[in-house]
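Okay, so the sequence shown: first residue is 3 according to the numbering used here, each after it adds one.
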Amino acid sequence: MIINKNKETERKCLIIYLLNPSVMLALINISCLMFLPEKTCASGWRMFSCSCYLLSEKTGSWDEGRSDCRDRGADLVVIDSSEEQDFLVSFTQKQTWIGLNDKEEEGRWKWVDGTPLTSLTFWSPRQPDNGGEDPQWGEEDCVHIRTDGNTLWNDRSCRNSFPWVCEKIP
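Next up, the structure:
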């Protein structure tokens with residue numbers, strides 16, 4: 003009876019351990035190294051986890067950024083973890099477009115790969131606010147990482163001009 007109880011406890015602990023986001027990211031990184039050892043990023047791109055990232059040297063609208071990324075066989079970055087968010091903040095060090103928008107329906111945020119925004123978010127305080135109903139800001143349907151002392155997300159007009167970050171699998 004005690005042996006069965008211990009095995010059940012061990013099984014529950016293992017499940018909790020494997021569901022830990024940090025452990026899952028580590029397992030993904032290990033599987034990247036095991037199964038993609040020959041994969042590297044092209045010149046100018048930087049590897050993190052299993053993806054390659056490129057910070058654009060020019061600025062433009064969100065749509066221009068997305069078009070540029072697609073021309074490179076990539077897309078605007080989709081942020082899947084706090085580790086990836088931290089990497090992007092240290093990598094970019096300036097305001098940059100990311101692949102999140104609510105262009106189709108106000109308040110329904112979707113990534114460029116079609117996945118909806120989940121509970122993992124990095125919004126600045128009081129964001130998103132769609133311009134706070136202030137006509138000078140207009141519709142704010144696209145998302146960028148801020149750098150004004152807070153490196154979190156903010157919604158802005160898709161016409162604003164920022165650099166962007168592209169992401170692709172090598």
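Idealized CB from N, CA, C, for every residue including glycine.
ask   = Are the beta-carbon atoms belonging to Val91 and Val167 less than 8 angstroms from one another?
value = no
inquiry  = Helix, strand or coil, according to DSSP, for Asn156 in the structure here?
reply    = strand
Length-filtered (4 minimum) alpha helix (DSSP H) runs lying within the region 42-87 = 64-73
request  = For Thr98, write down the residues that DSSP places opposite it in a beta bridge.
outcome  = Ile147
ask   = For Pro130, is the classification buried or exposed, using 16 other Cβ atoms within 10 angstroms of its Cβ as the cut-off for buried?
value = buried
task = Just confirm the distance between the C-beta atoms of Leu154 and Phe124, as a whole number of angstroms; I'd bet it's less than 8 angstroms.
result = 5 angstroms
Close Cβ partners of Ser163 (< 7 angstroms) along its chain, the five nearest in sequence each way excluded = Thr61, Gly62 and Ser63
inquiry  = What residue range does the beta strand (DSSP E) around Val167 cover?
reply    = Val167 to Lys170
message = Looking only at its chain, what residues have a beta carbon closer than 8 angstroms to the beta carbon of Glu106, apart from the 5 residues adjacent to it on each side?
response = Lys112
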